[in-house]
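See structure below.
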Amino acid sequence: MDTENQIPTMPRIGDLAPDFEAMTTTGKMKFSEYIKDSWTILFSHPADFTPVCTTEMSGFALDQKFFDEHQTKLVGLSIDSIHAHIAWVNNVKKNTGVLFEFPIIADIDMSVSKLYGMLQPGESETAAVRAVFFIDPAGKIRLIMYYPLNVGRNMDEIKRALIALQTADKHKVALPLNWTPGEKAIVPPPKTVAEMQEREASDYEMVDFYLAKKNLPKD
32 MDTENQIPTM
42 PRIGDLAPDF
52 EAMTTTGKMK
62 FSEYIKDSWT
72 ILFSHPADFT
82 PVCTTEMSGF
92 ALDQKFFDEH
102 QTKLVGLSID
112 SIHAHIAWVN
122 NVKKNTGVLF
132 EFPIIADIDM
142 SVSKLYGMLQ
152 PGESETAAVR
162 AVFFIDPAGK
172 IRLIMYYPLN
182 VGRNMDEIKR
192 ALIALQTADK
202 HKVALPLNWT
212 PGEKAIVPPP
222 KTVAEMQERE
232 ASDYEMVDFY
242 LAKKNLPKD
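Quick note: the sequence shown uses the numbering used here, first residue 32, plus one each step.
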């Protein structure tokens, strides 16, 4: 078997987030302990001191209050040394006033990038693509996004996806195309004839017996 040219596997939705220990801009981290009982967004960027990455990291930093309010920790990563990370954090703070308070993993040996399938050889063998992993309080991966090196992420979609995951869990519903907070949710389809008849007598918005929508209570 040719092991040298094997593409590292990536975790899948529903898997427990792989654990690791690493040095970060806020100190040494054991990932499973840091994220315990909290929602977490783990995201990678190709390199420090690069323009698109600077806009993305600044975007996360500027929305720090939003993520705090949604009980979500942020963890960044790139294949750079801790010294490069600190210099970049300082440079951005000096030039723009934006401080990256969340930890940024120094993955210079690429071990975490390989563990999470962030290295895509067809894109680059030495830089992580723009991956985003949404991890729930049980440590389970719930949603994964991947972007190439030359296209920045959409912060509005990252925030919408986080709210959607939390809303679906809280109310035990599914959410339709382009759902945003305040819109109706989809009720799981009936599993028995009796449930179908109950649904037809309910106040749900009925498109058909298998597609029904309802308002969610306001938080």
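Beta carbons: idealized from backbone N, C-alpha and C, even for Gly.
Residue i to residue j span [Cα, whole Å]
i, j, result
"T40", "K145", "8 Å"
"G153", "L174", "23 Å"
"D68", "P212", "24 Å"
"R230", "L196", "25 Å"
"F165", "P207", "19 Å"
"I110", "M54", "12 Å"
"V123", "H202", "40 Å"
"L130", "L47", "30 Å"
"K104", "V182", "24 Å"
"L128", "S155", "It should be pointed out that residue 128 corresponds to Gly in this sequence rather than to Leu. Distance between the alpha carbons of G128 and S155 is about 31 Å."
"M149", "C84", "15 Å"
"Q151", "P179", "9 Å"
"K249", "R184", "29 Å"
"R43", "S63", "17 Å"
"L108", "E87", "12 Å"
"D94", "T223", "44 Å"
"D99", "E188", "17 Å"
Distance between beta carbons of residue j and residue i, contact taken as under 8 Å
i, j, result
"I135", "T56", "5 Å"
"F74", "A158", "Rounded, the Cβ-Cβ distance is 14 Å, inconsistent with contact."
"L242", "H101", "So it is not a contact: roughly 29 Å between Cβ atoms."
"V106", "T81", "Wrong, their Cβ atoms sit about 19 Å apart, outside the cutoff."
"A216", "A225", "22 Å between Cβ atoms; not a contact."
"K171", "G45", "6 Å"
Local conformation of residue i per DSSP, three classes
i, result
"L105", "strand"
"K127", "In the sequence as presented, Lys is not what sits at residue 127; that position holds Thr. T127 falls in the helix class under three-state DSSP."
"I139", "coil"
"G58", "strand"
"M149", "coil"
"D46", "coil"
"S155", "strand"
"F98", "helix"
"K171", "strand"
"L93", "helix"
"E87", "helix"
"K190", "helix"
"D33", "Residue placement at D33 cannot be trusted, given a pLDDT of 45 that sits under 50; what the coordinates show is reported in the next sentence. Reduced to three states, the DSSP call for D33 is coil."
"M176", "strand"
"T71", "strand"
"R161", "strand"
"D200", "helix"
"E229", "helix"
"A118", "helix"
Among the options, the one whose alpha carbon lies nearest that of residue i
i, options, result
"I117", "K104, T103, L105, E132", "E132"
"F200", "N209, V224, A169, N126", "Note on residue identity: the sequence assigns Asp, not Phe, to residue 200. If we check each option's Cα against that of D200, A169 comes out closest."
"D239", "L247, M227, N246, P248", "M227"
"K59", "K203, N185, A137", "A137"
"M141", "N122, L247, G45, F51", "F51"
"K244", "S89, P220, A225", "P220"
"S112", "S233, D99, F98, P77", "P77"
"H114", "Y147, V224, D79", "D79"
"K61", "K190, V143, T86, P42", "V143"
"K190", "K171, S233, W210, A205", "W210"
"V309", "Y147, I172, D167, K171", "Absent from the structure is residue 309, since the part of the chain shown begins at 32 and ends at 250."
CB contact below 9 Å: residue i versus chain D
i, result
"E64", "Looking at the structure shown, chain D is missing, and only one protein chain is on hand."
Residue i Cβ short of 8 Å to the ligand FMN heavy atom set
i, result
"D79", "This structure lacks the ligand FMN, and indeed carries no ligand of any kind."
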